[in-house]
Structure formats: C-alpha cells, structure tokens
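Colleague: Following full-length UniProt numbering, the numbering of the sequence shown begins with 1 at its first residue and continues without gaps. I'd like to ask some things about the structure below.
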Amino acid sequence: MLLFRIKLRPRMLRDVSQQDISVTVLGHQLSMPICVSPTAYQAMAHPDGELATVRAVKSVDTAMGLSLYSTNSLEDVARECPNTIKFMQLQFYSDRPFMEQVVKRAEKAGYKAIFLTVDIPVYGRHKARRNFHLPKHLKYANFKSLHTEKGLRTNEEIDNYIINASDASVDWKTFDWLRSISSLPFVLKGILTPEDACLAVQHGAQGIMVSNHGGRQLDGVPATIEVLPDIVEAVRGTGIEVYIDGGVRRGTDVLKALALGARAVFVGRPVIWGLAYKVVHLSRTLPQL
Numbered sequence: 001m002l003l004f005r006i007k008l009r010p011r012m013l014r015d016v017s018q019q020d021i022s023v024t025v026l027g028h029q030l031s032m033p034i035c036v037s038p039t040a041y042q043a044m045a046h047p048d049g050e051l052a053t054v055r056a057v058k059s060v061d062t063a064m065g066l067s068l069y070s071t072n073s074l075e076d077v078a079r080e081c082p083n084t085i086k087f088m089q090l091q092f093y094s095d096r097p098f099m100e101q102v103v104k105r106a107e108k109a110g111y112k113a114i115f116l117t118v119d120i121p122v123y124g125r126h127k128a129r130r131n132f133h134l135p136k137h138l139k140y141a142n143f144k145s146l147h148t149e150k151g152l153r154t155n156e157e158i159d160n161y162i163i164n165a166s167d168a169s170v171d172w173k174t175f176d177w178l179r180s181i182s183s184l185p186f187v188l189k190g191i192l193t194p195e196d197a198c199l200a201v202q203h204g205a206q207g208i209m210v211s212n213h214g215g216r217q218l219d220g221v222p223a224t225i226e227v228l229p230d231i232v233e234a235v236r237g238t239g240i241e242v243y244i245d246g247g248v249r250r251g252t253d254v255l256k257a258l259a260l261g262a263r264a265v266f267v268g269r270p271v272i273w274g275l276a277y278k279v280v281h282l283s284r285t286l287p288q289l
C-alpha cells in the first residue's frame with residue numbers, strides 16, 4: 001500500500017507541549033480531522049448498528065457520514081444524537097423522486113450535507129460473487145417508502161430495485177439538477193482526477209472526497225493517497241474542501257494525508273472492526289488514530 005511508502009520527515013527541537021488537532025469541516029468545528037465514512041449494514045457488526053456509531057462519534061466530538069444503506073433510518077440516527085454533525089450519503093438512481101425524497105428527509109432531520117457517491121454509474125463485474133443479501137432480520141431502513149409505493153417488502157426485492165435503478169446516463173447536468181432541489185452543501189465522493197475536481201468546483205460542489213470505493217468497483221485505479229496532492233493543487237484557492245478515505249488504519253496514515261493537503265480523513269473499516277469487537281472499543285478507535 002502506498003501509505004507505507006510515504007515517509008515522514010520529523011523536525012527536531014520544536015515546542016510540541018501544546019497540541020490542537022481541531023478542524024472545521026464545511027464550517028462545523030470538530031475535535032479532530034478524522035470522521036466516519038458512510039458504511040453500509042452496520043447492524044451486521046453490532047445489534048445497535050449506526051446508533052452505536054453515532055454515539056461513539058458524539059463522545060469524541062467529530063462527524064459521521066451515514067450510508068443510504070444503513071440498517072437504522074436516517075431519522076432514528078438523527079434522533080439518537082441530534083447535536084452531532086452528520087452527513088447523508090446518496091448515489092444516483094434512475095428513480096429521481098426517490099433521490100429527492102431522501103434529500104428532503106435529510107434536510108428535515110438536520111443533516112449538514114449530502115455526500116454524493118459518483119464512482120458507480122454501473123456496478124462493477126466481479127470474478128467471484130457471493131450473491132449477498134442483507135439477512136432477513138435486518139432491513140434497508142431508508143427504503144421503507146418503497147414498501148407502499150412499489151410493493152417491495154423483502155430484502156431481495158430491494159436488492160433488485162437498487163441494481164435495476166442504477167443510472168449509467170448520469171452526468172454533470174444530473175448533478176446540477178440535484179443541487180437545485182436543496183440548499184445543503186454537496187460533497188462529491190469518488191473523485192480521482194484533477195480534471196473532475198475542477199469540474200466539481202465549476203458545478204458548485206462544496207467538497208470533494210478523494211475515494212476509489214475501497215477498490216471494489218473499477219479495477220486498476222490508483223490509491224487515493226497517490227492522487228491526493230494533484231487534486232489539492234488543482235483546486236487550490238477555490239475554497240472547496242478536499243477529504244480522503246481509503247486504507248487509513250493508523251495515526252501516521254492520517255498525518256500523511258493531512259501533510260499532502262487533505263482537510264480531513266474519513267475512515268470506514270476501522271469503525272466496523274470496533275463495532276464488531278465491542279462498542280466500547282469503537283469509542284476508542286477514533287482517538288487512537
């Protein structure tokens with residue numbers, strides 16, 4: 001992994017008796033430049049799922065991205081910790097009314113931004129498939145409206161809806177439409193090139209998440225840390241904020257990302273590991289980073 005290849009150049013005889021690692025993300029003051037990335041199906045790791053995660057996020061005064069595929073509804077997560085900074089993840093569907101419905105729900109529930117995943121216009125083809133379905137005792141909590149509107153009740157039916165609703169025709173005009181229906185800031189998650197970063201600025205995005213979807217969609221893309229410096233340089237002076245996720249496992253990884261220009265780092269898998277082990281350990285995961 002490229003993070004291991006990046007070396008730190010420590011300076012000596014510097015006064016480090018006072019440290020302040022607080023940061024602002026989209027104007028919100030956080031205790032640290034480490035936030036929780038939107039991660040699906042968290043109740044598979046712990047019965048409380050995203051509710052446990054948002055409680056841990058509250059305890060360390062940082063921010064949480066909530067996946068559209070959460071096992072607790074966006075409203076329930078908002079009610080659990082109403083004053084914690086939360087961002088709602090969304091992706092493009094051919095079902096535009098459903099997208100608009102999610103955005104309006106997020107606005108009403110007090111979410112501070114929409115994190116729009118842009119790197120999966122179509123789902124990747126994998127050499128090996130497990131034919132995963134969400135276990136029956138868990139639910140797609142943010143898709144309940146489809147029960148009455150489309151008669152979709154089982155997890156398998158919603159899985160098929162998600163696959164069939166993917167929209168390969170999306171472009172920057174589609175993003176312009178989405179921005180037009182909400183006053184919330186939009187962060188584009190999945191940007192990997194300076195060219196797209198500049199287009200994000202032109203089309204009014206307030207943030208960029210440098211992300212390759214954990215390497216699970218398009219094979220052969222670079223590591224996020226590899227492209228981060230060029231993206232930061234491309235948008236320097238525009239006011240847009242640049243974040244990164246992917247492969248961050250320790251505090252030195254965070255430090256390297258910040259040194260290369262990221263405003264904040266988002267982590268996903270370490271959060272799931274903390275949930276799976278014990279919730280108390282999840283509360284320690286972020287400070288340990």
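Glycine residues also receive a C-beta, built at the ideal position from the N, C-alpha and C atoms.
1) Helix, strand or coil for residue 117, going by three-state DSSP, please let me know.
2) Could you give the residue range of the beta strand (DSSP E) that holds residue 190?
3) Counting C-beta neighbours from all protein chains within 10 Å, is the total for residue 16 16 or more, i.e. buried, or is it exposed?
4) Under the assumption that residue 271 contacts residue 39 (Cβ atoms under 8 Å), give the Cβ distance between them as a whole number of angstroms.
5) Buried or exposed for residue 164, please, with buried defined as at least 16 other CB atoms from any protein chain shown within 10 angstroms of its CB.
6) Where does residue 277 sit, in a helix, a strand or coil, going by DSSP?
7) Name, in chain order, the residues that DSSP records as bridge partners for residue 264.
8) Between which residues of its own chain and residue 188 is the CB-CB distance below 6 Å, once the five residues before and five after are set aside?
9) Please report how far the alpha carbon of residue 225 lies from the alpha carbon of residue 109, in whole angstroms.
10) Restricting to Cα atoms, I'd like to know which of 180, 162, 284 and 223 is closest to residue 191.
11) Taking the straight line between their C-alpha atoms, what separation do you get for residue 75 and residue 267?
12) What are the boundary residues of the beta strand (DSSP E) that includes residue 25?
Modeller: The structure says:
1) As a position in the sequence shown, residue 117 is number 117, starting the count at 1. Reduced to three states, the DSSP call for residue 117 is strand.
2) Working through the sequence shown from its first residue, we reach residue 190 at position 190. Counting along the chain, the beta strand (DSSP E) containing residue 190 begins and ends at 186–191.
3) Here residue 16 refers to the residue found at position 16 when the sequence shown is read from its first residue. It is exposed - the Cβ of residue 16 has fewer than 16 other Cβ atoms within 10 Å.
4) Within the sequence shown, numbered from 1, the residue matching residue 271 stands at position 271. Within the sequence shown, numbered from 1, the residue matching residue 39 stands at position 39. Indeed, because the Cβ distance is near 6 Å, the residues count as touching under 8 Å.
5) Within the sequence shown, numbered from 1, the residue matching residue 164 stands at position 164. Exposed, by the Cβ-count rule.
6) If you number the sequence shown from 1, residue 277 lands on position 277. The answer is helix: DSSP assigns residue 277 an H, G or I state.
7) Taking the sequence shown and counting its residues from 1, the one referred to as residue 264 is at position 264. Paired residue(s): 243.
8) If you number the sequence shown from 1, residue 188 lands on position 188. Contacts found: 116, 118, 200, 205 and 208.
9) Along the sequence shown, one-based indexing puts residue 225 at 225. Along the sequence shown, one-based indexing puts residue 109 at 109. Straight-line Cα distance between these residues: approximately 33 Å.
10) Here residue 191 refers to the residue found at position 191 when the sequence shown is read from its first residue. Here the closest residue by C-alpha is 223.
11) Along the sequence shown, read from residue 1 onward, the residue named residue 75 stands at position 75. Along the sequence shown, read from residue 1 onward, the residue named residue 267 stands at position 267. Those two C-alpha atoms are separated by around 22 Å.
12) Along the sequence shown, read from residue 1 onward, the residue named residue 25 stands at position 25. Unbroken beta strand (DSSP E) run through residue 25: 23–25.
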